[in-house]
Amino acid sequence: MRWTGDDAFSTVAACPVNRGFMRLSTYFLPLLRENPAEAQIVSHRLMLRAGMIRQSSAGIYSWLPLGLRVLRNIETIVRAEQDAAGAQELLMPTVQPAELWRESGRYDDYGEEMLRIRDRHERDMLYGPTNEELITDIFRQNIKSYRDLPKNLYHIQWKFRDEVRPRFGVMRGREFLMKDAYSFDLDLAAARKTYNKMFLAYLRTFARMGLKTVPMRAHTGPIGGDLSHEFIVLADTGESQVYCDKAWLESDVLSTEVDYDDDLEPFFRQWTSLYAATDEKHDAANCPVPPDRLLSARGIEVGQVFFLGNKYTKAMNVSVAGPNGEPVVPEMGCYGIGVSRLVGAIIEASHDDAGIVWPASVAPFGAGLINLRAGDAACTEACEALYTTLNKAGVDTLYDDRAESAGAKFAAMDLIGLPWQIVVGPRGLQKGVVEVKDRKTGQREEMTAEAALNRIKAAR
RNA sequence: CGGGGCGUAGCUCAGCCUGGUAGAGCGCCAGCUUUGGGAGCUGGAAGUCGGAGGUUCGAAUCCUCUCGCCCCGACCA
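7 is the number of the first residue of the first sequence in this note's numbering; add one for each residue after it.
And the structure:
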């Protein structure tokens, strides 16, 4: 499969949840004018103000329609890139039996972060914080031969980790949506190839969401294994301090022609050769990058890839028949993306004083249509016509048909951050024009309705 | 889990020190006037003051317990 970078958005448009359009007068979009007291960081404040989420209890949120659309768009990109990299989607349950975790030894090791549940038959269950045990169990029950390798399986499922101190809204919740993939390979060389594929998929995934992401060599932590990279989104308000070569800012993985079936080792080496280190690993005295090329930035971790080796396959007695009939213990890898965290991370990376600035690929709607004079026949007629045309053209449009004042509508539209705003008012209509505003640059331009449509279609 | 803070209307908050029976702005509802960057006027609805117990003639206010939430730190997709 060949990825050249621009086929991305058709997939997003095809996501069924995000088909269609909406009138703001009927949409469930509870906007807040003021900052809720409980929200300190900007993404949390904006998600609450823009009516994307509401808190249920500490670190647990309901996703309202606007927020859910973004979440689904992110999922769609993640899914497309996982599929392209050769991973196959399945869906495992949220509630798991304790016995599998006793087998791996993690039932006792995982500690207080694991939400333990007892069912009516007094069986020990748990709400899954991750799925290595469950996927390994599925694998060993169903894969018996080396001929069936490699396998790379993923799902996008809610996880629960009973964090001592949840914070930052969805960036550090207790319940969160995660894409987790698990690979099984026959030997180290094959596992390394899979690792590289996922490494590429991750860079592409985050790039498609408009994020500058830097992979950094990471500790493997309690998950275990030998090789690991974290993917850090650069955002001024990020929670951790990172240092990297300024060349990262010019890097563009989407314009790099890479085939997943190629030998990805040169690609991997290229993308890990540039300096990048988290605060605890960075040593200013011995930094290989000269000061003028060193970027000191803030970052948010949105994904991590691990080579696990045979830690789980060994502990859980997994083997397949090898070419000579002898048992072979598969090599595993696991690969996580914080899907719900990405919603917050994208906002941290892309907002201004007025509100969110969505990258087009994840925006809940492609455009917002503002009727400045909802009671005026000419305005309403023009808006209705444009609304229909936009939607027929495949531009998901949120139509603000409310009887609010102009300023209130502008502020609301800026807050929710749709990439394009089309403003229809009596003044412009007299001249036969509407106003098109680019949310990101703030540039406003008058043009005919038809030109506005073409402008927005062209920008996708 | 250590340290700190906060729970009063949908949101932001005042009132608590010094006890006397519930307030403001925004939002919401109705009407009128407005209408190109969070409009104006008039009228209206809305809170068991987080919960329980205690002190008192009387508790949002004082005391005890409890629940929840937030922030800093240690820890994490």
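The beta-carbon is built from N, C-alpha and C at its ideal position, and this holds for glycine as well.
Cβ shell of residue i (< 8 Å), same chain only, five flanking positions each side left out
i, result
"V125", "A quick correction: the sequence has Asp, not Val, at residue 125. These residues qualify, in order along the chain: M131."
"L421", "L37, L52, R55, A56, A360, G361 and I362"
"F15", "With a pLDDT of 41 at F15, under the threshold of 50, the predicted position of this residue should be treated as unreliable, though the coordinate-derived value follows. Hits under 8 Å: A366, S367 and R466."
"V48", "T243, I353, E354 and H357"
"Y160", "Q88, A93, Q94, E95, L96, K185, D186, A187, Y188 and Y341"
"A468", "Outside the displayed span of the chain (7 to 466) sits residue 468, for which this structure offers no information."
"K320", "V335"
"L392", "L375, I428, V430, V440, A455, A458 and L459"
"V84", "I162, K185, T211, I343 and V345"
"G26", "N397 and D402"
"R304", "L240, A241, D242, T243, G244, E245, S246, Q247 and V248"
Cβ neighbours of residue i in the same chain (closer than 6 Å, five flanking residues each side left out)
i, result
"L406", "The sequence as given places Asp at residue 406; Leu does not occur at that position. Closer than 6 Å at the Cβ level, and outside the excluded window around D406, lie L30, I376 and K415."
"V76", "V349, V368 and P370"
"Q247", "D285"
"E451", "V442"
"N202", "L270 and F274"
"P42", "L54"
"P71", "F34"
"P333", "S325"
"T447", "none"
"G381", "none"
"E139", "L106, W107 and S110"
"E236", "M222, A224, E307 and Q310"
Assumed close pair residue i, residue j - CB separation to whole angstroms, cut-off 8 Å
i, j, result
"V239", "A351", "5 Å"
"M322", "T136", "With a Cβ gap of about 15 Å, M322 and T136 do not count as contacting."
"L155", "L192", "5 Å"
"R445", "G423", "6 Å"
"V295", "S234", "That belief does not hold up - the Cβ atoms of V295 and S234 are roughly 22 Å apart, past 8 Å."
"G65", "G179", "4 Å"
"Q163", "T100", "6 Å"
"A384", "T403", "Between T403 and A384 the Cβ distance is about 20 Å, and since that is not below 8 Å, they are no contact."
"R291", "D251", "Reading the sequence as shown, one finds Ala at residue 291 and not Arg. Contact doesn't hold; Cβ gap of about 17 Å is too wide."
"V401", "I306", "With a Cβ gap of about 30 Å, V401 and I306 do not count as contacting."
"G328", "Y152", "5 Å"
Cβ neighbours of residue i in the same chain (closer than 7 Å, five flanking residues each side left out)
i, result
"L121", "L132, Y133, F166 and D168"
"D12", "Only weak support is given to the placement of D12: the predicted model assigns it a pLDDT of 38, under 50, and the value that follows is read from those uncertain coordinates. Cβ within range, chain order: n/a, list empty."
"R1", "There is no way to answer for residue 1, as the model of the chain reaches only from 7 to 466."
"E81", "I162 and V345"
"T200", "P156, N158, S189, D191 and G339"
"P172", "A64, G65, R178, G179 and R180"
"Y113", "A104 and W107"
"R8", "Model confidence at R8 stands at a pLDDT of 38, short of 50, so the residue's coordinates are unreliable; what they give is reported in the following sentence. For R8, where only same-chain residues beyond five positions count, the Cβ hits under 7 Å are D265."
"L435", "A384, C385 and A388"
"V259", "L209, R210 and A213"
Bridge partner(s) assigned by DSSP for residue i
i, result
"N460", "BP columns for N460 are empty, so no partner."
"T284", "V248"
"A417", "None, per the DSSP bridge assignment."
"P103", "M131"
"Y160", "E95 and A187"
"E441", "V429 and E452"
"K199", "None; K199 has no bridge partner."
"P42", "According to DSSP, P42 bridges with nothing at all."
"F182", "K165"
"M204", "According to DSSP, M204 bridges with nothing at all."
"H235", "R223 and V311"
"L240", "G305"
"T403", "A373"
"M28", "L404"
"L121", "Y133"
"R173", "R178"
"S279", "For S279, which the question treats as bridged, DSSP gives no partner whatsoever."
"V334", "V326"
"S151", "A327"
Original post:
In chain order, which alpha helix (DSSP H) runs of at least 4 residues are fully inside the segment 288 to 327?
Top reply: 317 to 321
**OP:** Quick one: which unbroken alpha helix (DSSP H) runs of 4-plus residues sit fully inside the segment 45 to 69? Chain order, please.
**Re:** 48 to 55
Subject >> Contiguous beta strand (DSSP E) assignments of at least 3 residues, all confined to the segment 336 to 391 >> reply: 337 to 344 and 373 to 377
Subject >> the segment 322 to 331 in contact with the segment 207 to 216 per 3-pair CB rule at 8 Å >> reply: no
Original post:
Is the number of C-beta pairs between the segment 259 to 269 and the segment 289 to 304 that are closer than 8 Å three or more?
Top reply: no
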